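Numbering (our numbering), first residue to last: 894 to 1008. Below is one structure, written out as structure tokens; comments come after it.
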Amino acid sequence: MANSWLLYQTQPSFILGFHGTEQATVTSLVSDPSKHLKPSAGKYEWLGHGIYFWENDPQRVYEWASTGNAKSKIKSPDAVGAVLDLKLCLDLTTRSGLEEVAEAYAIVKVCTHTQ
């Protein structure tokens, strides 16, 4: 049965995602399609390096960028939207996604010799 679901794991799954950033960055992205967001590479990224999006909630993104939760101290907060294909993203709402996390945790545990 497990292999019969593989077909569905590679189907496109589009969502609207919103990213909080500087107003100048939003203007640059919208006016020049060759521009792209830069992935974060901070030392303390709790979910790892990358570009973070909120799904379907531009107001929440703006609040995040406005209230000082943004580590980069955004001076002129704004939000930019994107259509994201989640096909290759880790989905923690699926059994296979949870199994992948459990397997990765087990590997990290062995490699770091933690109990």
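Glycine is no exception: its CB is placed at the ideal position from the N, C-alpha and C atoms. Quick caveat: nothing in here was measured; it's all calculated off a predicted structure.
Practice prompt. Might you give, ordered along the chain, the residues of its own chain that have their beta carbon closer than 6 angstroms to the beta carbon of Ala972, omitting 5 neighbours on each side?
Written response: A distance below 6 angstroms between beta-carbons, with the five flanking residues on each side excluded, links Ala972 to the following residues of its chain, in chain order: Phe911, Gly913, Pro951, Val954 and Tyr955.
Worksheet item: Should Thr908 and Leu981 be called a contact, given that it needs their Cβ atoms to be closer than 9 angstroms?
Response: Before going on, a small fix: residue 908 reads as Ile here, not Thr. Not closer than 9 angstroms, so no.
Practice prompt. Please classify Val919: is it buried, with 16 or more other beta-carbons within 10 angstroms of its beta-carbon, or exposed?
Written response: By the 10 Å Cβ count, Val919 comes out buried.
Worksheet entry | Close Cβ partners of Lys928 (< 7 angstroms) along its chain, the five nearest in sequence each way excluded | Within the same chain, and ignoring the five residues on either side of Lys928 in sequence, the residues whose Cβ sits closer than 7 angstroms to its Cβ are Ser921 and Leu922.
Item to complete: Could you tell me if Ile1000 is buried or exposed, where buried requires 16 or more neighbouring beta carbons within 10 angstroms of its beta carbon?
Response: Ile1000 comes out exposed.
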